[in-house]
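A short worksheet on the structure shown next.
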Amino acid sequence: MKYDKRYDGRAFDEPRPIEAKAGVVKNANGSGYFKIGNTIAYAAVYGPKEVYPKFLSNPKKGIVRVHYNMMAFSGPGERNRPGPNRRAKEIGLVSQKAIISVLELDKYPNSVIDVYLELPQTDAGSRCAGICAASIALADAGLTMKDMVSAVAVGLVGDTPVVDLSYKEEQPDGMEAVDIPLAIIPSTGEITLLQMDGIVDKDMLMKAIEMSTKPLKKIADILRSAVQDKYQGEQNE
Amino acid sequence: MSELQIKEKSVVVPGLILAKGMEFLPGQGTYRKDDLILANRLGVAVIDGKVIRTIPLAGRYMPKRSDVIIGKVIDILSMGWRVQLNAPYAGLIPIKDGTFEFIPRGADLSRYYDIGEYFVGKITNVSGQNLIDVSVKGPGLHKIRGGRIVEVNTNKVPRVIGKKGSMVSMIKKATSCKVIVGQNGLIWVSGEPAMENLAIKTISKIEDESHISGLTDRIKTFLEKEVGFTVTADEESTNGNEETQGDRQ
Chain A
1 MKYDKRYDGR
11 AFDEPRPIEA
21 KAGVVKNANG
31 SGYFKIGNTI
41 AYAAVYGPKE
51 VYPKFLSNPK
61 KGIVRVHYNM
71 MAFSGPGERN
81 RPGPNRRAKE
91 IGLVSQKAII
101 SVLELDKYPN
111 SVIDVYLELP
121 QTDAGSRCAG
131 ICAASIALAD
141 AGLTMKDMVS
151 AVAVGLVGDT
161 PVVDLSYKEE
171 QPDGMEAVDI
181 PLAIIPSTGE
191 ITLLQMDGIV
201 DKDMLMKAIE
211 MSTKPLKKIA
221 DILRSAVQDK
231 YQGEQNE
Chain B
1 MSELQIKEKS
11 VVVPGLILAK
21 GMEFLPGQGT
31 YRKDDLILAN
41 RLGVAVIDGK
51 VIRTIPLAGR
61 YMPKRSDVII
71 GKVIDILSMG
81 WRVQLNAPYA
91 GLIPIKDGTF
101 EFIPRGADLS
111 RYYDIGEYFV
121 GKITNVSGQN
131 LIDVSVKGPG
141 LHKIRGGRIV
151 EVNTNKVPRV
161 IGKKGSMVSM
171 IKKATSCKVI
181 VGQNGLIWVS
191 GEPAMENLAI
201 KTISKIEDES
211 HISGLTDRIK
221 TFLEKEVGFT
231 VTADEESTNG
241 NEETQGDRQ
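Those sequence lines, one after another, are chains A and B. Take the first sequence: its position 131, counted from the start at 1, is 131 in our numbering, and no numbers get skipped. Take the second sequence: its position 196, counted from the start at 1, is 196 in our numbering, and no numbers get skipped.
In structure tokens form, the structure reads like this:
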């Protein structure tokens with residue numbers, strides 16, 4: 001079976017509709033909201049602040065902790081046990097690795113930056129949405145960072161490379177699917193996250209990654225303007 | 001040929017290209033990558049001749065030497081007091097910088113500053129590892145008794161102070177409260193209870209509306225309506241005991 005038309009009628013390199021906002025959590029030092037299709041992510045950044053427990057602190061540079069949480073009602077509706085599970089811990093870790101490379105942490109020795117990712121609604125691509133929301137939140141928190149990481153999932157449905165898979169496309173009827181979440185630093189093009197779920201050969205993988213260039217650039221622009229919009233006009237005097 | 005990619009005073013975000021070419025120099029909040037200058041924190045772009053820098057718009061208070069701050073004692077140690085400064089790091093008041101009084105060896109330090117008490121202090125040193133030394137010895141520095149503490153966003157502190165202290169002196173005149181604004185975003189207000197309320201209300205109004213132009217006039221009208229007499233917004237005569245600098249960038 002050939003996947004020649006996407007379930008929702010998008011072009012193969014077209015991400016789902018995106019909305020982004022900064023400053024959605026008032027108590028946090030910085031916060032972000034990122035919606036892609038039916039996946040919604042909120043990110044809140046607290047810090048830099050002192051590390052507790054103390055032994056985790058690094059006297060040479062600050063540390064970043066990412067807490068990922070898919071809310072119990074966010075998925076198809078099966079009851080989830082609340083609290084972090086194996087999957088949430090893994091995604092928290094890879095998200096941390098994806099964003100840490102842009103942050104300049106040597107200015108904040110012995111401190112921690114806590115990033116909370118909450119997903120009230122998910123329809124695949126949640127770790128990428130989380131990373132995008134975290135980028136907005138970190139910039140909104142006024143941290144020193146080289147760039148804002150932008151992320152999107154690419155993949156194969158059947159043998160067709162596509163961008164930003166929906167949940168339906170991750171489980172296509174009578175076909176195999178490959179899911180490749182990808183995060184890059186837009187100004188350099190360096191990849192900070194690349195995971196792969198499924199079987200794919202090298203050519204197809206490269207093809208899928210190449211396809212992500214355009215949508216990632218678009219997402220990077222959306223992330224930047226989300227932060228700019230919050231502060232636009234706050235500069236009298 | 002070098003060229004700017006942004007307008008002066010526009011909001012820039014990390015990773016945004018500010019200028020191309022080697023003729024511009026990267027200042028604070030920016031970095032050079034090959035022949036590009038990019039922003040590395042959220043701020044407003046400022047062009048000083050050849051140097052491009054940004055004024056931060058967000059972020060926590062980072063202690064700087066000689067900032068006047070309001071802090072809270074959180075612990076008593078053998079060498080002084082550990083204090084919380086609304087910053088990522090706690091500070092320390094060494095015994096010798098605590099008070100002009102003579103402190104005998106082995107004295108109970110809680111007699112001078114107890115846990116939970118607030119003070120107006122000055123940052124004397126910030127080390128490379130961000131160890132912060134605070135002094136409460138000096139003109140205008142003292143322990144805080146009475147009054148109330150309010151917190152504002154650190155980046156709004158220059159707005160609360162106003163140009164050469166005009167905003168804060170207006171609040172003082174209208175409410176006849178004592179007001180001390182710490183650079184770390186903590187503000188001490190002391191006076192008649194009703195007037196304290198008014199001062200706090202005014203401060204939060206300044207914080208909320210600081211981005212709309214004509215702030216000083218609006219606050220003036222608001223205060224005059226509340227107190228019923230004319231308030232003048234003149235620049236504060238520096239009486240030495242209150243460090244009320246506005247925009248220092």
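No residue lacks a Cβ here, since even glycine has one placed at the ideal position from N, Cα and C. As the structure is a computational prediction, the values presented were derived from the model and not from experiment.
Element boundaries [beta strand (DSSP E), containing residue i]
i	result
Leu105 (chain A)	Run containing Leu105 (chain A): none; DSSP gives neither H nor E here.
Ala45 (chain B)	43-48
Ile18 (chain A)	18-22
Ala41 (chain A)	39-50
Asp179 (chain A)	177-185
Arg148 (chain B)	148-151
Leu186 (chain B)	186-190
Lys20 (chain B)	17-20
Ser57 (chain A)	Premise fails: Ser57 (chain A) is in no beta strand (DSSP E) and is neither H nor E.
Ser127 (chain B)	No beta strand (DSSP E) contains Ser127 (chain B), which DSSP labels as neither H nor E.
Ile180 (chain B)	178-181
Partners in chain A for residue i, counting only beta-carbon separations shorter than 7 Å
i	result
Gln28 (chain B)	Chain A residues near Gln28 (chain B): none, gap ~10 Å exceeds 7 Å.
Leu38 (chain B)	Ser187
Identified DSSP bridge partners for residue i
i	result
Val160 (chain B)	Note: Val160 (chain B) sits in no beta bridge, so no partner.
Arg65 (chain A)	A:Asp114
Tyr31 (chain B)	B:Leu38
Tyr118 (chain B)	B:Lys72
Thr54 (chain B)	B:Ala45
Tyr33 (chain A)	A:Lys21, A:Tyr42
Arg82 (chain B)	B:Asp75, B:Leu92
Pro82 (chain A)	None; Pro82 (chain A) has no bridge partner.
Val154 (chain A)	A:Val163, A:Ile180
Glu210 (chain A)	DSSP lists no partner for Glu210 (chain A).
Glu101 (chain B)	DSSP, once it has assigned bridges, lists no residue as partnering Glu101 (chain B).
Lys143 (chain B)	B:Phe119
Residue burial classification, residue i (beta-carbon count within 10 angstroms, cutoff 16)
i	result
Met148 (chain A)	buried
Phe24 (chain B)	buried
Phe73 (chain A)	exposed
Asn130 (chain B)	buried
Gly15 (chain B)	buried
Met206 (chain A)	exposed
Ala107 (chain B)	exposed
Gly174 (chain A)	exposed
Lys214 (chain A)	exposed
Glu169 (chain A)	buried
Asp247 (chain B)	Any reading at Asp247 (chain B) is ruled out, since the residue's pLDDT is 44, under 50, leaving its predicted position unreliable.
Met167 (chain B)	buried
Pro15 (chain A)	buried
Asn29 (chain A)	buried
Thr244 (chain B)	Per-residue confidence for Thr244 (chain B) stands at a pLDDT of 42, beneath the threshold of 50, marking its modelled position as unreliable; the derived number appears in the next sentence. Counting Cβ neighbours within 10 Å, Thr244 (chain B) comes out buried, since at least 16 surround it.
Leu77 (chain B)	exposed
Tyr3 (chain A)	buried
Glu8 (chain B)	exposed
Leu117 (chain A)	buried
Ile114 (chain B)	Residue identity check: residue 114 (chain B) is Asp in the sequence provided, not Ile. Under this definition Asp114 (chain B) is an exposed residue.
Cross-chain neighbours of residue i in chain A, by beta carbon under 9 Å
i	result
Gln183 (chain B)	Correct list: empty, because the minimum Cβ distance to chain A is about 16 Å.
Pro56 (chain B)	Gly142
Lys33 (chain B)	Lys146, Ser187, Thr188
Gln129 (chain B)	Pro59, Pro109, Asn110
Run of the alpha helix (DSSP H) containing residue i, from where it starts to where it stops
i	result
Ile219 (chain B)	215-227
Pro215 (chain A)	213-231
Thr202 (chain B)	193-209
Glu169 (chain A)	167-170
Leu194 (chain A)	From DSSP, Leu194 (chain A) is part of no alpha helix (DSSP H) but of the beta strand (DSSP E) over 190-194.
Leu138 (chain A)	126-140
Val168 (chain B)	166-175
Within chain B, partners of residue i - CB distance below 7 Å
i	result
Gln228 (chain A)	Val11, Val13
Under 8 Å by beta carbon: chain B residues contacting residue i
i	result
Gly30 (chain A)	Ala58
Arg244 (chain A)	Only positions 1 to 237 of chain A appear in this structure, which leaves residue 244 (chain A) out of reach.
Residue i: CB within 6 Å of a non-hydrogen atom of the ligand MG
i	result
Pro48 (chain A)	Although the ligand MG was asked about, the structure shown includes no ligands whatsoever.
8 Å Cβ cut-off: residues of chain A touching residue i
i	result
Pro88 (chain B)	Gly47, Pro48, Lys49, Glu50, Tyr108, Ser111
Glu186 (chain B)	What sits at residue 186 (chain B) in the sequence shown is Leu, not Glu. What Leu186 (chain B) touches in chain A: nothing, since even the nearest Cβ is about 16 Å away.
Partner residues on chain D for residue i, Cβ-Cβ distance less than 8 Å
i	result
Leu42 (chain B)	Although the question refers to chain D, the structure presented lacks it and instead comprises the protein chains A and B.
Counting Cβ pairs, one atom from each stretch, are 3 or more of them under 8 Å apart for the stretch 78-96 of chain A and the stretch 156-166 of chain A?
-> no
Pair every Cβ in the stretch 98-115 of chain A with every Cβ in the stretch 7-16 of chain A, then say whether three or more of these pairs are closer than 8 Å.
-> no
Are there three or more Cβ pairs, one per stretch, closer than 8 Å when the stretch 138-156 of chain B is compared with the stretch 171-190 of chain B?
-> yes
Evaluate contact between the stretch 188-205 of chain A and the stretch 108-117 of chain A, counting only Cβ atoms and requiring at least three cross-stretch pairs below 8 Å.
-> no
Taking contact to mean at least 3 C-beta pairs separated by less than 8 Å, is the stretch 118-128 of chain B in contact with the stretch 64-74 of chain B?
-> yes
Touch check for the stretch 135-143 of chain A and the stretch 28-39 of chain B: three-plus C-beta pairs under 8 Å?
-> no
Inspect the CB distances between the stretch 98-114 of chain B and the stretch 171-180 of chain B and report whether three or more fall short of 8 Å.
-> no
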